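This report refers to the structure that appears directly beneath it.
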């Protein structure tokens, strides 16, 4: 599950659960943790509210006979899902992404947050915001800029030429993974998207590239991505090289 499940405390002030609760919540990279007392922790963020809902549903499903759907992350559910459920997940994911990607900035070419400010992406910076960028060209310049630090200055032009500045800009989740998709395993119905902190206006190829970022290049996940959005494997391969600088 995207967030660790724990048994409900017998008392709100149960000190035995304070450390496990804080540890479980700290595992999630989204939201902000505020300690409001010795037995109270608040974590802000839309994804956390959804996680709390999933926690409650899972707890009730385990402890009572009340019919509650089993909602788990896609990575956990996928191996046990039948073909019909898998097809439904793919159909819904394609539809949701199509809808999301129809959203465009009011200023064509703008790359940044929905409020017109800088954006955040762990591929680009380490816990810092970047931009906003006035154009796709400006973003690509920033993306490839670290290559200038290598002993072969001609490599900047080599890599920069691999990113034409003619891409459309669209709203993207920018952190798609099997951990960030909640599904009802028996039906394949998508029940939630988590971790929106990197969402914003990005070049059209960025969604695909980020879906394969880091350890996400598993065969079954790549096959799903091919079915739900345009493939940008060339750009992904080039950016994986640039990432090494």
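In my numbering, the protein residues as written are 215 to 459. We treat Cβ as the ideally placed atom computed from N, Cα and C, and that holds for glycine. All values derive from a computational prediction rather than experimental measurement.
Check                                                                                                                              : Outcome
What did DSSP end up calling residue 311 once you bin it into helix, strand or coil?                                               : helix
How many Å lie between residue 239 and residue 288 at the Cα?                                                                      : Since pLDDT at residue 239 reaches only 38, below the 50 mark, its modelled position is unreliable, and the value read off the structure follows with that caveat. One C-alpha to the other measures close to 20 Å.
Tell me the rounded alpha-carbon separation between residue 300 and residue 365.                                                   : 48 Å
The beta strand (DSSP E) with residue 416 in it runs from where to where?                                                          : 414-417
CA-CA distance, residue 318 and residue 409?                                                                                       : 20 Å
Quick one: what does DSSP say residue 321 is sitting in, helix, strand or coil?                                                    : coil
Give a yes or no on whether the C-beta atoms belonging to residue 399 and residue 284 are separated by under 7 Å.                  : yes
What are the boundary residues of the alpha helix (DSSP H) that residue 448 is part of?                                            : 447-456
For residue 358 versus residue 334, is the C-beta spacing smaller than 7 Å?                                                        : no
Could you tell me the alpha carbon to alpha carbon distance between residue 313 and residue 422, rounded to whole angstroms?       : 15 Å
Do you know whose CA, among 434, 443, 442, 420, lies nearest residue 451's CA?                                                     : 420
Quick one, are the C-beta atoms of residue 302 and residue 402 less than 7 Å apart?                                                : yes
Touch check for the region 336-351 and the region 430-447: three-plus C-beta pairs under 8 Å?                                      : no
Expressed to the nearest angstrom, what Euclidean distance is found between the alpha-carbon atoms of residue 426 and residue 393? : 13 Å
To the nearest angstrom, how far is it from the Cα of residue 276 to the Cα of residue 395?                                        : 21 Å
Taking just the CA atoms, how far does residue 298 sit from residue 265?                                                           : 26 Å
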